[in-house]
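Since the structure comes first, as structure tokens, the remarks are kept for the end.
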Amino acid sequence: QAHPDLQPGLDTLRNWNYVADTESTGMTFFHVYWATLKSMLPATLSEGALLDAIAAGDAEAQTLSLKAAEQAARLMRSEFGSLSVPWGEAHRFVRGKQSTPAAGTGSGDAIFIASDADFSEKVWRVNYGYAYAMVVKLGETVDTASVVPFGASEDPDSPHYADQMDLIRERRMKVVRFDPEDVRRNAKLAYGCSVRFSPTGLPASGIVRSGSPVSVGSAMYTQPPAQLPLGLATFTVYTRVMVEPASAPVTVDLSVYIPPELCPEEHLSSLVAFAYDDTTGWSRLDAQTIDPATRILSFRDRRARTYAILAPAEYRAAQESDMRSRVALTIPDSAIRERVPKLSSLKSPDAPPPLVPGAPGAREALQRRAQNQQTAQSPQDEGGPGQTPVAEAPATPQEVATQTSPQTEATPSQTPEAAPTPSTTDGPLPPPVQMPAAPEFAPSDGSSRVRQGAIAWGSALQLRPPGVEGIIKVSADKPVGARLSVSPDPPRPLPENLAAFTEFVQVECSAKDTQVDIEISLRPGKGTCSEANLERLELYAFDEARGWTKLPEQSFDPKLRGFNAKDSRPQWYVLLGSPAWLLKP
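Using the numbering used here, the letters of the sequence shown map in sequence onto residues 131 to 715.
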């Protein structure tokens, strides 16, 4: 007589979707069944021959398969007390003290290999699978992503021992950076006698030089460390350069490109580089020059401090209230998460208008100027200290679950450069560069309840709605300007019997005649919707011509609690559902 659990076990296999997902109970039963079936095979019968026999309906193979399923049901009942065990509970990635659900398998012909040979305490521990994996997209620029399970270090005390655990668990990769400029802007720290860095938030390039190796970092702030000198306003963000050991004698050289959108040509000569520290406050730097042809202001300091370009506010190219939004950059979430201690920020009503970092020509001009500042090989190239590995930063599809922070500190960014010789001199500056006009948007209506994000410019943009959990991706065949606005109030009354589970997010694009593709990912804040009704929410869009419409072909990710959809034109977006699903505060 067959075991009573055989039929439920067979039903589990029939209902399985053949995916080794962490939530799958069918995968767990299949894993036990397949291992049992292979152990029953005659030594002369290969796994491939068995599969062929089963597919052909061979009676002996079917009998053997049923016996294996019955034995698997007994084992499941004995070990787990149930036939319905999620794969991620029984199949784990274990690294030191960390343990996380593991998708994939080594049973059958799996695509994502995560095999195991150790079963104890009701858990299979993955001990075989992918090593270093890399994907490369070739083109005008090379895009690369990789993953190293579970981290690059085998030292349990290293921060890189298990820092890629989440990547392998979620079957994701991280961006690998090879472009020197990209490396400089995303490296967290560099070490050497001559370290070149590119501050986040500025079209700028700098070099820190020292007689002995030092560690160099930089950070960006949108608020001043102290009240600005009387009568002056900032024309840049505030860039802090940090050196360890702090007592090391250094020379800091920084070159900053000033876009015409910020300052007209007739006022360029009035711009002045200032430095700040807690001891002396703000002071004008004596060693500085500006070249009107290239619009590059260069200065030198004999110690590492906080820097900004200052001048009377009336010298700004535009004075309307929307100036900062029109020329601001989108600060990445990584910049918000990274904190640089010991620099307090004071709120200032005269916040800086951040420069456009990706402006055509500015990057090339700064690169040529930086190259002119070095003429010798570093002694570090001969095996001494000072080399730093390629910086890598995670690619994060789960960013839809990341909430924007009001803080505005940026990720330190730098990389080593060759050390100078005493004969090093500045070479000729490049010819003037042409900047594109700032994208035009309708001015804000002035409502204090509407929060406007910064404008981004490009052909593949990722924008985060201020204060809303989610991400909006805008792509086009040519560069466009895009901005997000968030309001707690709907642009028009909602459809009958529907309530909002997020605030209202508006996407604006500057080029009305350019086809854009928009990917919307939003999720309700925690405590807004009951879990039982969460997946019943739906993404809606609004424009004046069509009113409220439900976005087609939308999907729900239960792991991230995120709702995803695509659109072909910028509109208002929100998650709607029944008012009865709202949780009471």
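Glycine is no exception: its CB is placed at the ideal position from the N, C-alpha and C atoms. Just so we're clear, the structure is a prediction, and the values are computed from it rather than from any experiment.
1) Do V380 and V386 count as a contact pair if the criterion is CB distance below 7 Å?
2) Helix, strand or coil for M303 per DSSP?
3) Using a Cβ-Cβ cut-off of 7 Å (strictly less than) and excluding sequence neighbours within five positions of R414, which residues of its own chain qualify?
4) For A662, does the count of other Cβ atoms within 10 angstroms reach 16, so buried, or fall short, so exposed?
5) For T419, which of helix, strand or coil comes out of DSSP?
6) Alpha carbon to alpha carbon, how far is V610 from S589? Give it in angstroms, no decimals.
7) My output table needs one value for Q294: the three-state DSSP class, helix, strand or coil.
8) Which residues does DSSP list as the beta-bridge partners of L358?
9) Going along the chain, which residues of its own chain have a beta-carbon closer than 8 Å to the beta-carbon of N257, five neighbours each way excluded?
10) Going by DSSP, which residues form a beta bridge with C639?
11) What residues are listed by DSSP as bridge partners for S276?
12) Return the residue from the list V305, R299, Y260 that minimises the CA-CA distance to V275.
13) I'd like to check one pair, F429 with V362: are the Cβ atoms closer than 7 Å?
14) DSSP state of K252, grouped into three classes?
15) Measuring alpha carbon to alpha carbon, tell me which residue in R666, I439, I298, P390 is nearest Y262.
16) Determine the DSSP secondary structure at E311, reduced to helix, strand or coil.
17) Tell me the rounded alpha-carbon separation between V338 and R433.
18) What's the call for D312, buried or exposed, on a 16-neighbour Cβ count within 10 Å?
19) Please classify E97 as buried or exposed, where buried requires at least 16 neighbouring CB atoms within 10 angstroms.
20) By how many angstroms is the C-alpha of V635 removed from the C-alpha of T166?
21) Could you tell me the alpha carbon to alpha carbon distance between Q137 and K197, rounded to whole angstroms?
22) Any beta-carbon of chain B closer than 7 Å to the one on F210?
23) Secondary structure at G178, three-state DSSP: helix, strand or coil?
24) Return the CA-CA distance between L140 and T271, expressed in angstroms with no decimal places.
25) On the criterion of 16 or more Cβ atoms from any shown chain inside 10 Å, does M295 qualify as buried, or is it exposed?
26) Around the Cβ of Q701, are there at least 16 other Cβ atoms within 10 angstroms (buried) or fewer (exposed)?
27) Counting only the same chain and skipping the five closest in sequence on each side, list residues whose C-beta sits under 7 Å from that of Q449.
28) Does G238 pass the burial test, meaning 16 or more other C-beta atoms within 10 Å, or should it be called exposed?
29) Within 10 angstroms of its Cβ, does I426 collect 16 or more other Cβ (buried), or is it exposed?
30) Closest to V224 by CA distance: which of D293, S698, A356 is it?
According to the structure data:
1) Walking along the sequence shown from the start, residue 386 turns up at place 256. Walking along the sequence shown from the start, residue 380 turns up at place 250. No. Outside cutoff.
2) For this step, residue 303 is matched to residue 173 along the sequence shown. In the structure shown, M303 sits in coil (DSSP, three-state: anything other than H, G, I, E or B).
3) Counted from its first residue, the sequence shown places residue 414 at position 284. If we look at R414 and ignore the five residues flanking it on each side, its Cβ neighbours are V402, F404.
4) What you label residue 662 is simply residue 532 of the sequence shown in a count that begins at 1. That one is exposed.
5) By one-based count along the sequence shown, residue 419 stands at place 289. Looking at T419 - three-state DSSP - the assignment turns out to be strand.
6) Along the sequence shown, read from residue 1 onward, the residue named residue 589 stands at position 459. Along the sequence shown, read from residue 1 onward, the residue named residue 610 stands at position 480. One C-alpha to the other measures close to 6 Å.
7) Locating residue 294 in the sequence shown gives position 164, counting from the first residue. Coil, per DSSP.
8) Taking the first residue of the sequence shown as 1, we reach residue 358 at position 228. DSSP output for L358 lists no bridge partner at all.
9) As a first step, residue 257 must be located in the sequence shown, where it is residue number 127. Cβ neighbours of N257 beyond the five flanking positions: S245, D246, A247, D248.
10) What you label residue 639 is simply residue 509 of the sequence shown in a count that begins at 1. For C639, which the question treats as bridged, DSSP gives the partners A612.
11) Reading the sequence shown from its first residue, position 146 is the one you call residue 276. According to DSSP, which records beta bridges pairwise, S276 is partnered with M264, K304.
12) Here the question's residue 275 lines up with position 145 in the sequence shown. Before going further, note that residue 275 is Ala rather than Val in the sequence given. Ranking V305, R299, Y260 by Cα distance to A275 puts V305 first.
13) For the purposes of this step, residue 362 is identified with residue 232 of the sequence shown, where counting begins at 1. For the purposes of this step, residue 429 is identified with residue 299 of the sequence shown, where counting begins at 1. Here residue 362 turns out to be Leu, not Val, going by the sequence shown. No, Cβ-Cβ distance for L362 and F429 is not below 7 Å.
14) Here residue 252 refers to the residue found at position 122 when the sequence shown is read from its first residue. In the structure shown, K252 sits in coil (DSSP, three-state: anything other than H, G, I, E or B).
15) Stepping through the sequence shown from its first residue, residue 262 is reached at position 132. Nearest option by C-alpha distance: I298.
16) For this step, residue 311 is matched to residue 181 along the sequence shown. The answer is helix: DSSP assigns E311 an H, G or I state.
17) Counting from one through the sequence shown, the residue named residue 338 turns up at place 208. Counting from one through the sequence shown, the residue named residue 433 turns up at place 303. The straight-line gap from Cα to Cα measures roughly 9 Å.
18) Position 182 of the sequence shown, counting from 1, holds the residue named residue 312. Burial call: buried.
19) Examination of residue 97 is not possible in this model, given that the chain is present from 131 through 715 alone.
20) Within the sequence shown, numbered from 1, the residue matching residue 166 stands at position 36. Within the sequence shown, numbered from 1, the residue matching residue 635 stands at position 505. Going from the Cα of T166 to the Cα of V635 covers about 54 Å.
21) The sequence position of residue 137 within the sequence shown is 7, counting from 1. The sequence position of residue 197 within the sequence shown is 67, counting from 1. Each residue's Cα considered, the two are about 12 Å apart.
22) Protein chains in the displayed structure number just one, and chain B is not present.
23) One-based indexing of the sequence shown puts residue 178 at position 48. Of the three classes helix, strand and coil, the one that applies to G178 here is helix, per DSSP.
24) Here residue 140 corresponds to residue number 10 of the sequence shown, with the count starting at 1. Here residue 271 corresponds to residue number 141 of the sequence shown, with the count starting at 1. Rounded to whole angstroms, L140 to T271 spans 51 Å at the Cα level.
25) Start at 1 with the first residue of the sequence shown, and residue 295 comes out as number 165. Under this definition M295 is a buried residue.
26) What you label residue 701 is simply residue 571 of the sequence shown in a count that begins at 1. Flag for Q701 reads buried.
27) Walking along the sequence shown from the start, residue 449 turns up at place 319. Any answer about Q449 is weak, because its pLDDT of 45 lies below 50 and its placement is not dependable; what the coordinates show is given next. Contacts found: none.
28) The count along the sequence shown starts at 1 and reaches residue 238 at position 108. Classification for G238: exposed.
29) Translated into the one-based positions of the sequence shown, residue 426 becomes position 296. So I426 ends up on the buried side.
30) In the sequence shown, counting from the first residue as 1, residue 224 sits at position 94. V224 has its Cα closest to that of D293, out of D293, S698, A356.
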